[in-house]
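These notes concern the structure reproduced below.
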Amino acid sequence: MTNYKWLIPATSSVAALLWPTIVAAQTPAEPLPNESDATAAADITVTGSRIVRKDYSAESPIVSVGQDLIQSRGPATLEQALNVLPQLTPDAGSNSASSAAGGRATLNLRGLGPVRTLVLLDGRRLQPGDPLGPVDLNSIPSALIENIEVITGGASAVYGSDAVAGVVNFQLRKKFEGLALDLDQGITDRGDGQTFTVSGTIGGNFAEGRGNAVFSASYMDRKRVDRSSRPFFKDGGITSVLPSGLVYPVASNLPSQAAINSVFASYGISSSVSRASTYSTNPDGTLFTVSSGINNFRPSGLPYVITANNQVAIPIGEWSPVQQPLERETVFGRVNYDVTDGIEAYAQFNYAHYKNNQTSYGRNQAITRDVYVPVTNPFIPKDLRTIIASRPNPNQPLLFYFNTGRFSPAIAEQTYDVTQYLGGLRGDIDAIDGSWDVSASFGRSKQQSLVGGFIDRAAYLSLIEAADGGVSICEGGLNPFVIDAPSQDCLNYMLRDLHETTLLKQTNLEANFQGRLFSLPAGDVRFAAGLAYRKNDYSYEPDAQRINASVLTVAISNPSSGATKSKEAYLELLVPVLADLPFIHRLELDAAYRYADYKSIGGVHTYKLGGNWQFTRSLHMRGGYQRAIRAPSVGELFQPQEQSGTTVGRVSAGLGDPCDINSVYRKGANAANVRALCLASGVPETVIDLLTFAGTSVQSNVGGNLNLKEETSDTYTLGFVFRPQLQSPLIRSFSLSVDYYNIKIQNAIGLVTGDVIVQRCFNGAGDSNPSYDPNNFYCGLIHRGAGGGFSTIDTPLLNLAGYRTSGIDVQLDWKARIGASTNIGLNAVVSYLDKYEIQTLQGAAFSDYAGTIGNGQISASAISHPRWRAVTNLAIDHGPATFGFTWRWIDKMSNASNVGISDGVAPGVKAVSYFDFNARVAVNEGMWLRFGVLNIGDKQPPEWTGESATDANLYDVVGRRFFVGASLRF
């Protein structure tokens, strides 16, 4: 555990400085209210606008939540709390099983990707958490959050690049006075997944009230939960690449049928075994074929299973987490000081240090010449020798494919240090009832990676090529055909760690002005204008072993660096058109324009036009149009070319390799065309009717692209808000909003994924390659090896074509007093997804994935897009106690692999409900206790493709859990 005792002296020092003013104040701080008190403020800046106004009107759909939402989820990270909102598609976070996210936590509005969701802190940009640009929520000081506003749709005219899907603005408490301590502890009902958080905040005024200072620090420790600890995942998570290795056929040098029949006849198998079979070994040294048909598989003593895809695989559930471990410390400080009666100086810093340590089963070694096993290896089993000796070239080395899990788990330890400094001046301009604000900020994110479990190439080759199998080099040598780990002596000889560093920097300069231009009969015409400069730097220093490819299973890459710059200017106008007329209590327009000059893409224009029509005090309509852009991030431009992996899916689900003799492509009406395309694509004639695909993923090549251009989007919104102005105690605290959104993105930057490439090459949708032309764009991205199977698939990063999504949000809020001391409140947020369409390349048809699970083309970790999602909260206040009940509902979904395929049979998932409970009790004016239960019914996630596959980000995979907490205010 990280030593966090440094927090105590740091907090004590600030306490000593501020204690006199704290004692003098003697005003106990209250818990944050259920609603932000912004509506009662005299001057308000609504997220999505920079104009200060007197009311809380917004032309964009907006959801506002407070600190109570965070506390009602127990000791959770911010993305866990916010992802219950239907507008957000759960993405990388605490439940992500992938080590690619490195423990980072992001938000994904409308399923359009974290890179298209702009996250702000008090209306200002935060330091990005990774090279693609998203903010890691672990860097936000959660103890000081007062309110969180979420708006839908492009906001680039106001905030610049990235606000394509919308904006999430975290607003901190202002002018904090007093001392606040918060403590939370959570655990699952299985006794694991312990999560502990503690935070302390101290603040007060100084210099006779001209200044205010606040300091906040927090610590969090979240323990890992393994997949194997949950019955749902007992056999879940597989890799078809066995640690005991797979001997692959070489099409030009297949063994004789007679030799194969002879060997398998000795096992009592009379049926013919394909000459193109892939073999592995049983513990007794006999052979078995790993995929349909499976012959002579003897599972006794082996941890292998036969999958729904009819192949032998190894479950890896015990190695994969369903809750990622995280240890985090944050520090936040802010000072405000009135230099004069009209000028205020301010400065703040934000620092976060956190570590994620994750292990997984192992890594698959790609089939390359480096891992051929020579026929002189003494560990080759007798029966395998018989078969390989019958080949036309009996001395050709064996093509060998294996997983490194028998040697070591794959280790990924990420350590982050994120810092941001902000300073500036602001003041009033009384002549125009306005203000000005000039600021500068600098941020830095340093990610240090320790990636372990790699095998030194030279050491491995020296063992398998040694005449004695390496016995003379290390104890026992290396038998490549067994599942047992070699001796520790051999492991020490082979295993290596990689140490790498990624550094991101961001510089922001801003000058903003706002105020009144002139008056119209309906009110003041107000404006906001400003200038901005932003620079983002990126550098990546890989380990020399990665650069030189001196270890196996490594994704080869080189050092890389680069920077982007922008110079921007904007103008926003708020125009009151009419007021105090029949059916027009108030009508106003909000227009904005921004010009930005980027070093990478040149000049771009963004703009918006929105309006609010308040028919009466109770009913108003809001809506508008916004043009937004997203400039390529430093990662998309400068990340080095590297080897990666892309999913192509299982043959049994209608995916995988269409050339597989068992695939739906080879059995459908166009089977002859598919066979011809397979031959033209590199499948040898000798194996075309024998080929099987025994995996779900393929090695890919991916990297940055300096020729990328900006994405553009058009957002249309239209909504109604109803707040009856009645004095009835049952109605006066009632509000209902209904909003429609429609977002269209052009030239979207993204990867063409392996499953999409394969499906489009083989005309799976019926319109992508109707002539089955091997020169088709998608077919050109597929590369096959000598045996006819997939070798690599290029997954280029391109300005693709477009994404389109639309839907409706409904929010209902109601409060009423029942009796003298009881209040009841109801909040419901419901989202309906009408369209979620993806066009892979310009000119291609759009495919609609609304209501489906399994498509991760926009964001690999966000694969679910249900038609309906809802969250309903019921709160009851009685005396000093508050009780809350939450119902989370997720609609049923069909399988995304069926989209565009007329005879798709892949299974979907049923609808799921979760129920939560929380309570808070005020012990006295300065102390509150809380407790709760999440997923009361211990509802298990739905399975959608077999082998315990599910969406671990959307569904609750940890199960029932409990939490307790306390808040102290002095």
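Taking mature numbering (1 follows the signal peptide of the UniProt record, and there is no 0), I'd label the letters of the sequence shown as residues -25 to -1, 1 to 945. Here a beta-carbon is modelled for each residue, glycine too, at the ideal position from N, C-alpha and C. Since we're looking at a predicted model, the values are computed, not measured.
Go ahead and pull the three-state DSSP assignment for residue i.
| i | result |
| --- | --- |
| Val727 | coil |
| Ala761 | coil |
| Trp294 | helix |
| Tyr468 | helix |
| Glu121 | strand |
| Pro551 | strand |
| Ile362 | helix |
| Ile289 | strand |
| Ile718 | strand |
| Asn873 | helix |
| Val733 | helix |
| Thr14 | For Thr14, the predicted model reports a pLDDT of 36, less than 50, meaning its position is unreliable; a value from the coordinates is still stated below. In this structure, Thr14 counts as helix in the three-state DSSP scheme. |
| Ala927 | coil |
| Glu54 | helix |
Could you tell me the alpha carbon to alpha carbon distance between residue i and residue j, rounded to whole angstroms?
| i | j | result |
| --- | --- | --- |
| Ala606 | Asn467 | 47 Å |
| Phe709 | Lys790 | 7 Å |
| Ala288 | Ala835 | 23 Å |
| Gln169 | Phe272 | 41 Å |
| Val222 | Thr253 | 6 Å |
| Phe697 | Trp411 | 35 Å |
| Arg28 | Ile126 | 18 Å |
| Leu154 | Ser414 | 29 Å |
| Glu10 | Gly643 | The predicted model places Glu10 with a pLDDT of 32, which falls under 50 and marks its position as unreliable, so this point remains unresolved. |
| Arg837 | Lys540 | Residue 837 is actually Ala in this sequence, not Arg. Between Ala837 and Lys540, the C-alpha separation is close to 30 Å. |
| Leu95 | Asn587 | 24 Å |
| Phe668 | Gly764 | 7 Å |
| Val529 | Phe377 | 14 Å |
| Pro615 | Arg521 | 12 Å |
| Tyr640 | Arg759 | 18 Å |
| Leu594 | Gly694 | 11 Å |
| Gln102 | Thr282 | 44 Å |
| Ser494 | Ala130 | 27 Å |
| Leu400 | Ile318 | 7 Å |
| Ser703 | Asp788 | 16 Å |
| Leu7 | Asn899 | Residue placement at Leu7 is poorly supported in this model, since its pLDDT is 30, which falls under 50; the coordinates still yield a value, given next. Using only the alpha carbons, I get a separation of about 16 Å. |
Locate the alpha helix (DSSP H) running through residue i, then write down its first and last residues.
| i | result |
| --- | --- |
| Phe382 | Counting along the chain, Phe382 falls outside any alpha helix (DSSP H), and DSSP gives it neither H nor E. |
| Ile838 | Premise fails: Ile838 is in no alpha helix (DSSP H) and is neither H nor E. |
| Ala132 | Ser131 to Tyr134 |
| Ala519 | Ala519 to Ile522 |
| Gln832 | From DSSP, Gln832 is part of no alpha helix (DSSP H); its letter is neither H nor E. |
With distances taken between CB atoms, is the gap from residue i to residue j smaller than 9 Å?
| i | j | result |
| --- | --- | --- |
| Thr622 | Ser672 | yes |
| Tyr824 | Val874 | yes |
| Val846 | Trp862 | yes |
| Tyr778 | Gln734 | no |
| Leu548 | Asp572 | no |
| Gly175 | Ala118 | yes |
| Val40 | Leu93 | no |
| Val609 | Asn511 | yes |
| Gly729 | Ser675 | yes |
| Leu82 | Asp66 | yes |
| Ile851 | Phe858 | yes |
| Gly186 | Asp313 | yes |
| Ala503 | Asn487 | yes |
| Ala80 | Gly98 | no |
| Arg197 | Pro116 | no |
| Ala327 | Thr305 | yes |
| Gln481 | Arg100 | yes |
Which stretch, first to last residue, makes up the beta strand (DSSP E) that contains residue i?
| i | result |
| --- | --- |
| Gln423 | Gly409 to Asp431 |
| Ile706 | Note, Ile706: premise wrong, no beta strand (DSSP E); not H, not E. |
| Gln674 | Ser672 to Val677 |
| Leu808 | Thr797 to Gln814 |
| Ile559 | Ile559 to Tyr573 |
For a minimum of 4 consecutive residues, which ranges assigned as the alpha helix (DSSP H) are wholly contained in the stretch 302 to 330? Listed in chain order, nothing qualifies, since the stretch 302 to 330 has no complete alpha helix (DSSP H) run of 4 or more residues.
What are the uninterrupted segments assigned as beta strand (DSSP E) that are 3 or more residues long and contained completely in the stretch 197 to 285, given in chain order? Counting only runs that start and end inside the stretch 197 to 285, the beta strand (DSSP E) elements of at least 3 residues fall at 221 to 223, 254 to 256 and 262 to 264.
Starting from the N-terminal side, write out each stretch of the beta strand (DSSP E) that is 3 residues or longer and does not extend beyond the stretch 591 to 646. Within the stretch 591 to 646, complete beta strand (DSSP E) segments of at least 3 residues are found at 594 to 605 and 617 to 622, given in chain order.
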